[in-house]
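Participant:
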Amino acid sequence: MNATLVAVVLSLFSAVAYAAAAVAQERLASRSSGAGIMRMVRRGAWWGSVLLNGGGALLHVVALNYGPLTVVQPLGALTLVAAVPLGARIAGRKVSRAEWRGTSYTLAGLAAILVVASGPAPERTLDGAQSIAVASATVAVIAFLAKPGAKPGLRHATASGIASGVASALTQTVTVALTDTGSLPLYQVLGIALLVAAFATAGLLLSQTAYQDGLGAPLSMVTLSNPVAAAVIGLTLLGESLQGGAGGILVAAAGAGLAGRGVVLLSRATPEGAGSGVQDSDRYEDVERTGEVAHDDGVPGDIVVPDHIALPEPAGVPHDEHPVAAVLALRPESASQEPAMLPRPTTGPGQLTAL
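Each residue of the sequence shown is one higher than the last, beginning at 1 in the UniProt record's numbering.
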């Protein structure tokens with residue numbers, strides 16, 4: 001079987017695994033809004049997403065052993081394409097027309113890129129000095145993007161994509177070095193492997209915090225920045241190139257623009273029937289946060305709250321004041337009537353008369 005075809009198939013399965021992980025992370029982030037990362041890692045859903053990310057990463061590593069970065073990394077954009085129907089399926093809604101249009105644009109753009117990007121498996125690897133230089137530059141960029149500030153979602157998503165893209169490039173170096181004995185000393189291979197683990201972990205944590213702002217826009221930024229970072233390394237340091245010369249560059253640029261347009265459409269699309277098909281576990285968590293539950297039609301409704309649970313009164317809603325409290329406050333106008341649960345005084349013998 002053709003090596004490039006093997007890389008494409010493995011990349012497709014990797015994209016599906018990454019898509020499932022992204023949906024799981026977004027659902028966890030939406031349920032744990034405002035919670036720290038340490039609270040989220042205590043939940044089983046977090047570790048489920050870690051396993052999915054690990055499976056996607058393993059398939060990605062094997063794909064890099066069969067195909068170049070310029071082929072494998074663009075296929076990572078299919079993560080967004082797979083996440084759209086998967087997220088809609090879990091939410092119990094239909095995929096909107098805008099989402100299908102964005103999916104079509106993304107697939108067409110990826111096809112154009114693959115036409116000129118297909119080539120032999122890489123033979124060159126980053127040496128120790130190049131790996132350290134790439135890692136240092138990446139750490140500086142991530143530190144700048146991850147600094148505290150307002151609305152960090154897109155910045156964290158961009159940093160996550162860059163970290164994952166650099167991890168992919170370094171992973172390719174490790175896999176080629178291990179299959180080609182003697183290309184790099186063992187201690188350098190181990191050092192690069194540690195860098196891969198560090199950047200992969202950073203990408204996972206940054207994406208988890210980014211998904212607190214939703215799934216579409218952050219995942220779009222991860223999808224775009226990941227292949228860009230890896231392609232820059234592959235084209236500048238690993239000797240990879242696009243086929244077709246200047247014409248191939250134009251085709252790749254057009255494909256990238258079309259795929260980018262599709263990603264933007266997917267991130268801006270309004271889901272049809274969003275909010276329907278809420279799971280029972282989501283309903284219980286909504287009760288804990290708001291005291292309301294979503295019915296099957298997605299519209300919040302009233303629930304019966306047990307007597308032993310005290311719910312805060314809505315701000316700004318007027319209520320009748322107790323008569324005694326009104327008298328003590330010297331505001332008789334606020335005592336409109338006596339509460340119904342108190343017996344009204346009578347004027348019979350032996351009884352006090354009302355004031």
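Backbone N, C-alpha and C fix where the C-beta goes; we use that ideal spot for every residue, glycine too.
Can you give me the start and stop residues for the alpha helix (DSSP H) that G92 sits inside?
Facilitator: Where G92 is concerned, there is no enclosing alpha helix (DSSP H), given that its DSSP letter is neither H nor E.
Participant: Can you tell me which of the three DSSP states A112 falls into?
Facilitator: Residue state, collapsed to three classes: helix.
Participant: Rounding to the nearest angstrom, what Cα-Cα distance links L178 and K94 in this structure?
Facilitator: Going from the Cα of L178 to the Cα of K94 covers about 46 angstroms.
Participant: Quick one: is S164 buried, meaning 16 or more other Cβ sit within 10 Å of its Cβ, or exposed?
Facilitator: S164 comes out buried.
Participant: Assuming A167 is part of the alpha helix (DSSP H), what are its boundary residues?
Facilitator: G153 to T179 is the extent of the alpha helix (DSSP H) around A167.
Participant: DSSP state of S96, grouped into three classes?
Facilitator: In the structure shown, S96 sits in coil (DSSP, three-state: anything other than H, G, I, E or B).
Participant: By a C-beta neighbour count over all protein chains shown, 10 Å radius and 16 as the cutoff for buried, is W46 buried or exposed?
Facilitator: Under this definition W46 is a buried residue.
Participant: Give a yes or no on whether the C-beta atoms belonging to G262 and R101 are separated by under 9 angstroms.
Facilitator: In contact: G262 and R101 (Cβ atoms closer than 9 angstroms).
Participant: Expressed to the nearest angstrom, what Euclidean distance is found between the alpha-carbon atoms of A193 and R97?
Facilitator: Spanning the two alpha carbons is a distance of roughly 43 angstroms.
Participant: Express the C-alpha separation of A253 and A246 in angstroms, rounding to a whole number.
Facilitator: Cα-Cα distance, rounded: 11 angstroms.
Participant: Just checking my contact of L154 with A217 at CB under 8 angstroms: how many whole Å lie between their CB atoms?
Facilitator: Right, their Cβ atoms sit about 6 angstroms apart.
Participant: Reducing DSSP to helix, strand and coil, say where G244 ends up.
Facilitator: Correct three-state label for G244: coil.
Participant: What is the DSSP secondary structure of L215, counted as helix, strand or coil?
Facilitator: Residue state, collapsed to three classes: coil.
Participant: Please classify V327 as buried or exposed, where buried requires at least 16 other C-beta atoms within 10 Å of its C-beta.
Facilitator: In this predicted model, V327 has a pLDDT of only 41, less than 50, meaning its place in the structure is not dependable; the value taken from the coordinates is given anyway. Result: exposed.
Participant: Could you check which residue in V72, Y211 and P74 has the C-alpha nearest to that of Q25?
Facilitator: The option with the nearest alpha carbon to Q25 is Y211.
Participant: On the CB-based measure, 16 or more other CB atoms within 10 Å of its CB, does P148 come out buried or exposed?
Facilitator: When all chains shown are included, P148 counts as exposed.
Participant: Would L235 and V116 qualify as a contact pair, given that the criterion is a beta-carbon distance under 9 angstroms?
Facilitator: Taking 9 angstroms as the Cβ cut-off, L235 and V116 do not qualify as a contacting pair.
Participant: Who are the Cβ neighbours of T199 in its own chain at under 8 angstroms, not counting the five residues just before and after it?
Facilitator: Thr is not the amino acid found at residue 199; the sequence shown has Phe there. So the qualifying residues of the chain are A135, T138, A163, S164, V166, A167 and L170.
Participant: Quick check: what's the CA-CA separation for I249 versus G255?
Facilitator: If you take the alpha carbons of I249 and G255, they lie about 10 angstroms apart.
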